[in-house]
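One structure below.
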Amino acid sequence: MGSGVLSKSQYVRGLQCPKSLWLYRNRKDLIPPSPPGLQRNFDQGHAIGRLARARFPGGVDITADYLHQQHALDSTAAAVNSGARTIYEAAALFDKTLVRSDILNRNADGTWDLVEVKGATDVNDVYLQDLAIQAYILEGAGFRLRRAILMHVNNQYVRRGPINPKSFFTLVNLTVKLKPFIKAVPAEVRRLHRVLSSSASPKIDIGPHCSSPYECSFQEHCWRRLPDYSIYDLVRIREGKIIQLKGRGVLKIAEVPEDFPLSRAQEIQVLCEKTKKAHIEKVAIGELLDTLVYPLHYLDFETLNPAIPPYDGLRPFQQMPFQASIHVQETEGAPIKHVEYLGDGRSDPRPGLVECLASSISGRGTVIAYNAGFEGQCLRSLAGAYPKRAKALLSAANRLWDLGDPFRKSFYVDPAFKGSWSIKAVLPVLVPSMTYKNLPVGNGEQAQLAFLALMSGNLPAAERKKTVRNLKIYCGQDTFAMVKILAKLQKIRGSC
Numbered sequence: 008m009g010s011g012v013l014s015k016s017q018y019v020r021g022l023q024c025p026k027s028l029w030l031y032r033n034r035k036d037l038i039p040p041s042p043p044g045l046q047r048n049f050d051q052g053h054a055i056g057r058l059a060r061a062r063f064p065g066g067v068d069i070t071a072d073y074l075h076q077q078h079a080l081d082s083t084a085a086a087v088n089s090g091a092r093t094i095y096e097a098a099a100l101f102d103k104t105l106v107r108s109d110i111l112n113r114n115a116d117g118t119w120d121l122v123e124v125k126g127a128t129d130v131n132d133v134y135l136q137d138l139a140i141q142a143y144i145l146e147g148a149g150f151r152l153r154r155a156i157l158m159h160v161n162n163q164y165v166r167r168g169p170i171n172p173k174s175f176f177t178l179v180n181l182t183v184k185l186k187p188f189i190k191a192v193p194a195e196v197r198r199l200h201r202v203l204s205s206s207a208s209p210k211i212d213i214g215p216h217c218s219s220p221y222e223c224s225f226q227e228h229c230w231r232r233l234p235d236y237s238i239y240d241l242v243r244i245r246e247g248k249i250i251q252l253k254g255r256g257v258l259k260i261a262e263v264p265e266d267f268p269l270s271r272a273q274e275i276q277v278l279c280e281k282t283k284k285a286h287i288e289k290v291a292i293g294e295l296l297d298t299l300v301y302p303l304h305y306l307d308f309e310t311l312n313p314a315i316p317p318y319d320g321l322r323p324f325q326q327m328p329f330q331a332s333i334h335v336q337e338t339e340g341a342p343i344k345h346v347e348y349l350g351d352g353r354s355d356p357r358p359g360l361v362e363c364l365a366s367s368i369s370g371r372g373t374v375i376a377y378n379a380g381f382e383g384q385c386l387r388s389l390a391g392a393y394p395k396r397a398k399a400l401l402s403a404a405n406r407l408w409d410l411g412d413p414f415r416k417s418f419y420v421d422p423a424f425k426g427s428w429s430i431k432a433v434l435p436v437l438v439p440s441m442t443y444k445n446l447p448v449g450n451g452e453q454a455q456l457a458f459l460a461l462m463s464g465n466l467p468a469a470e471r472k473k474t475v476r477n478l479k480i481y482c483g484q485d486t487f488a489m490v491k492i493l494a495k496l497q498k499i500r501g502s503c
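Start counting at 1 in the sequence shown, then tack on 7, and there's your number in this note's numbering.
Here is the structure:
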């Protein structure tokens, strides 16, 4: 296939940013190594694709890869001519643009239904653009389309036994809604072909399009000239404000003019950077601390949210806690006890985790979490799934206290936070002796990948033991970090 041919994925990339398209075709060397979690996303997408085919079984699979597109076109033509009712990954070429379609399903009158499969739970404009380019190319290549259908995941589906493909997916007929999108395709194709024929990259500034609707693989390249701590790091900054600041030649936070209108949190952030001093509101922090009631329970979950629920009672993308760490302090100054639970990866981790929570979190005292809304969501979900323990779980959820609040509400801001209030940003500033940098499992994504490895059943015994140890160290550090951060806040409050 000639180098001047545009693919479906490249078309969608070009709509998001023509510069990204040009770089993808001419400077793939600028793409950084793939993050560890990317393969998991691919694997999940492939699993959804296989399930979608079970919804339209018995199709002819066009197996030729992107390096052999002429073979894919020939195989598609052969499948059509042989009378195949359903074709997977059908290839079509028109207007110097090639598409591969998830599913084509032939109707009795010889027309075709185009079915695009998405591992998402709703419809958005990006998916309409994806369908539109396919419909335009397929019809240009001679396919008579009756319907254009988006098949997405049904987020109300609850697993009970083997996955039922008919219930798992929702089919949405977008034929009528797609018409204005299809009408816009020819002009967009011409525009993007002009981009590809250019000898130089388009001059496009950075902005929200760098991460929406998809994270651009060239963001590191395009953002490389930004200062280490830039106006893009201002908390909850709007694009309009960014444009105004750049118009005044301002990129560094320390250079933001005093007369520039900012929110309270942004003003504090700028002042901290200019003075290189922390902003600490001791009275406000003290008022938050006054609401704590002993015993204190420091709680952290690690979770998975797989598209295809692995166990009964789960919905697609529902958070499934597989690990918990709890540090408990009965009274002020008392020793701190640690309790933990980690699923074995061989069965549903939730029953054992629920029993651990019920026995470790008493019916009184504060339950401390960092970004507590998430832990609350998990506790309430578990209460719904395990009614015999619902009272204890809901009681814990109702007593949650968010350790992130002093930082999120800008009661404590340090220039070293770099605009973030995450525990990973706060901990090394308040407790320099603690860090996540050298941990084998050092963040939530790595914890998910480690537990997926346990679930796979493919780890040798020694590697499995090592993975379990690393997961326990990581989750335990999360709650012990909260112990240390709260102690630091209490010390600050005591100096009032």
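The beta-carbon is built from N, C-alpha and C at its ideal position, and this holds for glycine as well.
Remember, predicted model here, so these are calculated numbers, not experimental data.
Asked	Found
C-beta atoms of R107 and I69 nearer than 9 angstroms	yes
Straight-line gap, A85 to D109 (C-alpha atoms, nearest Å)	17 angstroms
Beta-carbon proximity check, I189 vs A148, cutoff 9 angstroms	no
Same chain only: Cβ atoms within 7 angstroms of M8, ignoring 5 sequence neighbours per side	Bear in mind that a pLDDT of 48 at M8, under 50, signals an unreliable position, so the model cannot answer this.
Beta-carbon spacing of D409, A457 below 9 angstroms	no
Within 9 angstroms, strictly: CB atoms of G352 and S463	yes
Extent of the continuous alpha helix (DSSP H) to which P193 belongs	K186 to S204
Distance between S14 and P25 (C-alpha atoms, nearest Å)	14 angstroms
Option in R232, Y95, L203 and R198 with minimal Cα separation from I213	R232
Whole-Å CB distance - P39 paired with E227, under 8 angstroms assumed	5 angstroms
Residues near N180 in its chain [Cβ-Cβ closer than 8 angstroms; skip 5 each side]	R154, A155 and I156
L241 to V263 span [Cα, whole Å]	10 angstroms
Beta-bridge pairing of P328 - partner residues as DSSP gives them	T310
Bounding residues of the alpha helix (DSSP H) (the contiguous stretch that carries T128)	Premise fails: T128 is in no alpha helix (DSSP H) and is neither H nor E.
Cβ pair count under 8 angstroms reaching 3, the segment 264–282 against the segment 295–306	no
Closest Cα partner of E362 within the set I430, V346, P316 and P342	V346
Inter-residue CB distance, V420 and H286 (contact presumed, cutoff 8 angstroms)	4 angstroms
DSSP-derived helix/strand/coil call for Q77	helix
Unbroken alpha helix (DSSP H) run spanning S402, endpoints	A397 to N405
Per DSSP, the bridge partner or partners of V179	L157
Assigned exposure category for F176 - 16 Cβ within 10 Å defines buried	buried
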